[in-house]
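Numbering (our numbering), first residue to last: 2 to 148.
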């Protein structure tokens, strides 16, 4: 069977990554990791990317309510072997239990920057006539509804 020409993750990598994300979220939700930094913050697991051989799981996390997000990620990396053991029950169908690596998820910050750029005065100026036409069309639609 010919190999796909895309460089993205395979269906298998995506499926296993989602299973690992669910198992990891459950473990973090139960509060099984006895570390004050992790216990005092809610950790959201937004994505888990698997290596092609499924032996390394990179979990992108967002610590909510933590004053120092980097310290929470460091603590998670320190307890990665413990997490691996706790998650193994939920992932017993896997041939090899993946090694966990935790990274800070900055995608929300990127989304915020893009949103701010789109709503900046410079972009509104560049979109000037088109944006006004769009607003006029909306107003015309409202007038038609009134009639």
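Every residue, glycine too, gets a C-beta built ideally from N, C-alpha and C.
### Query
Skipping 5 residues on each side, what residues in its chain have a beta carbon closer than 6 Å to that of residue 103?
60, 62, 74, 77, 78
### Query
Under a Cβ-count criterion, where at least 16 other Cβ atoms within 10 Å of its own Cβ denotes burial, should residue 9 be classed as buried or exposed?
exposed
### Message
Quick check: what's the CA-CA separation for residue 11 versus residue 47?
### Response
19 Å
### Task
Alpha carbon to alpha carbon, how far is residue 82 from residue 28? Give it in angstroms, no decimals.
Taking the Cα positions, residue 28 is about 13 Å away from residue 82.
### Task
Could you check the C-alpha separation between residue 100 and residue 113 for me, to the nearest Å?
31 Å
### Query
Considering only residues of the segment 69–121, which uninterrupted beta strand (DSSP E) runs meet the minimum length of 3 residues and lie entirely inside it, listed in chain order?
100–105
### Query
Around the C-beta of residue 25, are 16 or more other C-beta atoms found within 10 angstroms, so that it is buried, or is it exposed?
buried
#### Entry: Cut-off 6 Å between Cβ atoms - residues of its own chain near residue 91, not counting five sequence neighbours on either side
24
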